Amino acid sequence: MQAGEKRFARRLEEKLEDDYLLWYDVPIGGTGHHPDFIILHPRRGLLVLEVKDWKRDTLQNIDKTRAVLMTPTGLKEVANPFEQSRLYAQEIATLLQRDPMLVCPEGPYRGRLVLPWSHGVVLSNITRKQFDEGHLGNVLPASRVICRDEMAEDAEPEQFQKRLWDMFPWSPAQPISLPQLDRIRWHVFPELRVGSGPLARSAPVQAELELSVPDLIRIMDLQQEQLARSLGEGHRVIHGVAGSGKTMILGYRCLQLARTLRRPILVLCFGKPLYGWLEQMLRAQGLSGHVVIQTFHAWCYAQLRHFHAGLPPQGLSSDEFSEQLVQRVIAAVDRGLIPRAQYGAVLIDEGHDFQPEWFKLISQMVDPSTNSLLLLYDDAQTIYPHKRFSFRSVGIQAQGRTTILRLNYRNTADILQFAADFAREVLTPSDADEDGVPLVQPQSAGRRGPVPKIVALPNLYEELRYIAGRFQQLHAEGHAWNEMALLYRSADMGQRAVQQLTRMGIPLQWVGKGSGQSAFKSSEASVKVLTFHSSKGLEFPVVAIPRLKRPAAEHPDAKKEARLLYVAMTRAMDQLVLTVS
1 MQAGEKRFAR
11 RLEEKLEDDY
21 LLWYDVPIGG
31 TGHHPDFIIL
41 HPRRGLLVLE
51 VKDWKRDTLQ
61 NIDKTRAVLM
71 TPTGLKEVAN
81 PFEQSRLYAQ
91 EIATLLQRDP
101 MLVCPEGPYR
111 GRLVLPWSHG
121 VVLSNITRKQ
131 FDEGHLGNVL
141 PASRVICRDE
151 MAEDAEPEQF
161 QKRLWDMFPW
171 SPAQPISLPQ
181 LDRIRWHVFP
191 ELRVGSGPLA
201 RSAPVQAELE
211 LSVPDLIRIM
221 DLQQEQLARS
231 LGEGHRVIHG
241 VAGSGKTMIL
251 GYRCLQLART
261 LRRPILVLCF
271 GKPLYGWLEQ
281 MLRAQGLSGH
291 VVIQTFHAWC
301 YAQLRHFHAG
311 LPPQGLSSDE
321 FSEQLVQRVI
331 AAVDRGLIPR
341 AQYGAVLIDE
351 GHDFQPEWFK
361 LISQMVDPST
371 NSLLLLYDDA
381 QTIYPHKRFS
391 FRSVGIQAQG
401 RTTILRLNYR
411 NTADILQFAA
421 DFAREVLTPS
431 DADEDGVPLV
441 QPQSAGRRGP
451 VPKIVALPNL
461 YEELRYIAGR
471 FQQLHAEGHA
481 WNEMALLYRS
491 ADMGQRAVQQ
501 LTRMGIPLQW
511 VGKGSGQSAF
521 KSSEASVKVL
531 TFHSSKGLEF
541 PVVAIPRLKR
551 PAAEHPDAKK
561 EARLLYVAMT
571 RAMDQLVLTV
581 S
């Protein structure tokens, strides 16, 4: 921020109430334009302001389109800031005008936006007296300008706010609603959209205008947006329940870092299907050259090969090979064969499935000059055993920089309630550890849908036949095949599910690494068949789970199995189909 922008930002924070929303230097729509400030008030409207630190003696000339400034290197021509703010405000109004829910349907303002919009200029180093004496009102309308003495620290809040209100051409009869506010943010800031293609690449305005507006708009809430935009430097931990938007915030953070860091960015996750989803999303953003995205073990393998540090011997079991991969990388880093500080930033998804020594290794890979590390975590989704530890003990310095996200946006309230009830013992909140990270009970964002029902059938064959028939019915009703998934616990059940779906002519993708299985492709027009483990981090409008079985409390793996089933159930966004025999 320039000095004048900082002073103005402080005045906005000091003089305005909590129902004002403020954005600084945020790109709008798909244009790439960055207004200095956007101010939105539900009872006033939307205001775009450009701030200039010009002094009266450096402003040599100004007309309706341009200004000439005296700089240390000579005369410099720049755009008239009032015209600049008008362009930005008009772009926003054009984006919003296409949405019927944001247009007045009747009355004197029929066809207009439901909220007034306007624009103006802040001259942070020019007083009102200098403004008048210099006849600047001929090219900058006096009522649309805030001068230096009008944004002083001792300015009365009422007078300061009146300066903003007077910029608007009219006053709405009633405030905009919360759904309308979400729609405004959905249009103006497309990177905040939530859905099967979050962070869809911003298109030019014309292409944006041609898109149809969905009936149901899903967007980051204000807490998520503020968190995503203001993570800042240092180590950060986001501790969020399933469906709270953690992976979306990670993707947004990648966008921000890729624009500012010269060194590569490393994104690590545990499961391959989630890795595939992240890779597709980042490739769509054009970030493949800036961001390295790998599963943790694939990253270890690549490090050993690249730095000729020696791979584990052949003939080991899969678990033994994975364990030796990690230990060899740790040893090679300690000996200096593999360098530390290779990345400008490291982002870790599914941190709840990482072992303590992995964190200790990864934290050494961050360049100390940026010290940028983001860890996404949810104890309730931990399905791989590891001993209790503190983040501080493994090199993650996030004390005081841990954010807890409790609201679940993925699932309907009905699905979340069912899954939470099912795993009630597992999800009992524990006392906070020394990092201040309790096990968080999820809270529903309130979206409703069909209540999950358990359908009892004579045997597994009938269960799978019922699920296949349900998929066919949903497809006939308009659901795409790739909006559905069948999740299973054991290998033989997966095999039988694939056979039954194939027999009934349903296109499918069996996700995994065994014979007949393939890498996850979210856009392929097929029902996804995955294990509970592989489904972590993914979401589908419709999820079916056959052979439902609540583990007996006395079973030695009861908690592990209940966690797994909770993870599987919470993959369902709208409908959860459960069968038992």
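Residue numbering for the sequence shown follows full-length UniProt numbering, starting at 1 and increasing by one per position. The beta carbon of each residue, even a glycine, is placed where N, CA and C say it ideally should be. None of these values were measured; they are calculated from a predicted model.
I believe residue i touches residue j by the beta-carbon criterion, under 8 Å. Please report the beta-carbon distance rounded to the nearest angstrom.
i, j, result
"Ile265", "Val241", "Not confirmed; about 26 Å, so no contact."
"Leu123", "Trp165", "Incorrect: roughly 19 Å between the Cβ atoms, too far for contact."
"Leu487", "Val542", "The pair is not a contact, with the Cβ atoms about 11 Å apart (cut-off 8 Å)."
"Gly234", "Arg392", "Not quite, the Cβ-Cβ distance comes to about 13 Å (not below 8 Å), so this is no contact."
"Val346", "Val366", "5 Å"
"Leu457", "Tyr466", "6 Å"
"Glu83", "Thr31", "16 Å between Cβ atoms; not a contact."
"Leu192", "Glu225", "6 Å"
Helix, strand or coil for residue i, going by three-state DSSP, please let me know.
i, result
"Gln161", "helix"
"Gln294", "strand"
"Lys76", "strand"
"Ala152", "coil"
"residue 586", "Nothing about residue 586 can be reported from this structure: the residues present for the chain run from 1 to 581 only."
"Asp574", "strand"
"Val567", "helix"
"Ile362", "helix"
"Ser124", "coil"
"Gly45", "strand"
"Tyr24", "strand"
"Phe321", "helix"
"Trp54", "coil"
"Trp170", "coil"
"Arg401", "coil"
"Ser444", "strand"
"Pro541", "strand"
"Met248", "helix"
"Arg335", "helix"
"Arg98", "coil"
Cutting at 7 Å between CB atoms, please list the residues of its own chain near residue i, excluding the five before and the five after it.
i, result
"Gly351", "Leu375, Leu376, Tyr377"
"Phe189", "Val26"
"Asn459", "Ser581"
"Tyr384", "Caution applies to Tyr384, whose pLDDT of 48 falls short of 50 and renders its modelled position unreliable; the model cannot decide the point."
"Trp358", "Phe296, Val326"
In angstroms with no decimal places, state the Cα-to-Cα distance between residue i and residue j.
i, j, result
"Tyr88", "His33", "7 Å"
"Ile28", "Ser177", "21 Å"
"Leu373", "Ile454", "43 Å"
"Ala309", "Gln294", "19 Å"
"Ala200", "Glu156", "Only weak support is given to the placement of Ala200: the predicted model assigns it a pLDDT of 42, under 50, and the value that follows is read from those uncertain coordinates. Whole-angstrom Cα-Cα distance: 43 Å."
"Ser288", "Leu282", "6 Å"
"Leu12", "Thr370", "30 Å"
"Val580", "Pro546", "6 Å"
"Tyr343", "Gly336", "16 Å"
"Gly395", "Gln355", "13 Å"
"Arg98", "Leu407", "30 Å"
"Met504", "Glu279", "32 Å"
"Phe168", "Leu538", "45 Å"
"residue 659", "Ile506", "Nothing about residue 659 can be reported from this structure: the residues present for the chain run from 1 to 581 only."
"Gln180", "Thr260", "33 Å"
"residue 609", "Ile126", "Residue 609 lies beyond the residue range present for the chain, which begins at 1 and ends at 581; the question has no answer from this structure."
"Ala497", "Arg571", "18 Å"
"Ile146", "Arg163", "7 Å"
"Phe418", "Pro452", "7 Å"
"Ala152", "Ser143", "18 Å"
"Glu150", "Asp132", "14 Å"
"Ser534", "Gly271", "6 Å"
"Glu462", "Ala468", "10 Å"
"Gly449", "Leu222", "24 Å"
"Ala332", "Ile362", "13 Å"
Given residue i, which residues of its chain have a CB within under 6 Å of its CB, disregarding the five upstream and five downstream residues?
i, result
"Gln303", "Val329, Ile338"
"Leu405", "Gly240, Ser244"
"Phe160", "Lys15"
"Trp23", "Ile38"
"Leu40", "Leu21, Leu46"
"Gly494", "Tyr488"
Counting only the same chain and skipping the five closest in sequence on each side, list residues whose C-beta sits under 8 Å from that of residue i.
i, result
"His479", "Pro541, Val542"
"Gly111", "Val103, Cys104"
"Ile62", "Val68, Asn80, Leu136, Val139, Leu140"
"Ser85", "Pro35, Val48, Leu49, Glu50, His119, Gly120, Val121"
Task: Validate contact between the stretch 442-456 and the stretch 407-417 using beta carbons, cut 8 Å, 3 pairs - done: When Cβ pairs closer than 8 Å are counted between the two stretches, the stretch 442-456 is seen to touch the stretch 407-417, the count reaching three or more.
Task: contact_flag[the stretch 527-541, the stretch 485-499] where n(CB pairs < 8 Å) is 3 or more - done: With contact defined as three or more Cβ pairs closer than 8 Å, the stretch 527-541 and the stretch 485-499 are in contact.
Task: Three or more C-beta pairs below 8 Å linking the stretch 503-517 and the stretch 553-569 - done: Not touching, per the Cβ criterion.
TODO: Kindly confirm or deny that the stretch 107-120 and the stretch 41-50 touch, where touching means at least three C-beta pairs closer than 8 Å.
DONE: Segment contact: the stretch 107-120 against the stretch 41-50, three or more CB-CB distances shorter than 8 Å; contact assigned.
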